[in-house]
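The structure under discussion appears below in the form of structure tokens.
Okay, structure coming up:
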């Protein structure tokens, strides 16, 4: 069979493209094309602000950013006053993540990024990037949301790493081709839809016999997975709820509602939020009273 006849026409492949021997950036468009480049490093000089608290978070309330907001709010709710933090908005659509100060913390130019100015044991501040790394660091620092029992700890880390490996298929794969790509490619959408539904089935089967992701305890595994897959089964990710039939994953829906009802989760979802309902947006967070102000604004708007 020749290459021309390798795939049947009903698969709706884009016609006529043959990859060159050497790839070149042709700026094909699509969402986020203006901020995506094949190179790394700072594009301009800009220092980052530093507040009064030990932890300085530089982020945006995308799923990866929400993880850290929830974790910090959960730590504070659990009585760990040393987890106080300032949260500064990084507008990724405007390229804030390519400023020199941000790149000094995260050379990968992705949110979230954080500095700990009061690390355990003292000494120089610690830079942190990658949401999984940040949550693991905080869990170890405060001895919270990460079991000490060897089996429970291993199970928590199994699911934490599962999320870090699985979510790119949801966001960069399914989300990109379903919602953001400049053309609809049936093969790409089908490929990533199948994988996302398989992932949801993995979670659904795990949650059929467990209250939380890693067992009977609320852990960093729940906090890492909730902003991606909780939002997905809630129907809010890429407006794809009906397409993926997310309501059919009943155990994931049950878990999502339980996690979403936690007060610290509600607060964490607001941190560095700059889209959607204005009453739920908290561009910067510097004190617990910032949430009270937003709540009062919401009540007044409803009157």
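In the numbering used here, the protein residues as written are 72 to 374. Positions of the beta carbon are idealized from the N, C-alpha and C atoms, including for glycine.
With a beta-carbon spacing of about 4 Å, residue 275 and residue 320 fall inside the 8 Å limit used to define contacts. For residue 345 against residue 354, the beta-carbon gap comes to about 6 Å, under 8 Å, which counts as contact. Around the beta carbon of residue 219, fewer than 16 other beta carbons sit within 10 angstroms, so the residue counts as exposed. Residues 283 of the same chain have their beta carbon placed closer than 6 Å to that of residue 289, with the five preceding and five following residues left out of the count. Counting along the chain, residue 207 sits inside the alpha helix (DSSP H) bounded by residues 202–213.
DSSP lists no bridge partner for residue 324.
Looking at 184, 251 and 160, the one whose alpha-carbon comes closest to that of residue 205 is 184. Straight-line spacing of the CA atoms in residue 137 and residue 259 works out to 27 Å.
If the five residues before and after residue 292 are omitted, its C-beta is found closer than 6 Å to the C-beta atoms of 227, 230, 231, 284 and 285, all from its own chain and listed in chain order. Classified as buried, residue 130 has 16 or more neighbouring CB atoms from the shown chains inside 10 Å of its CB.
Residue 170 has 115 as its beta-bridge partners, per DSSP. With contacts defined as CB atoms closer than 8 Å, residue 278 and residue 343 fail to qualify as a contacting pair.
By the Cβ criterion, the segment 322–338 is not in contact with the segment 119–127, since fewer than three pairs of Cβ atoms, one from each stretch, lie closer than 8 Å.
Sequence-distant Cβ neighbours of residue 338 in its own chain, meaning closer than 7 Å and more than five residues away, are 144 and 362.
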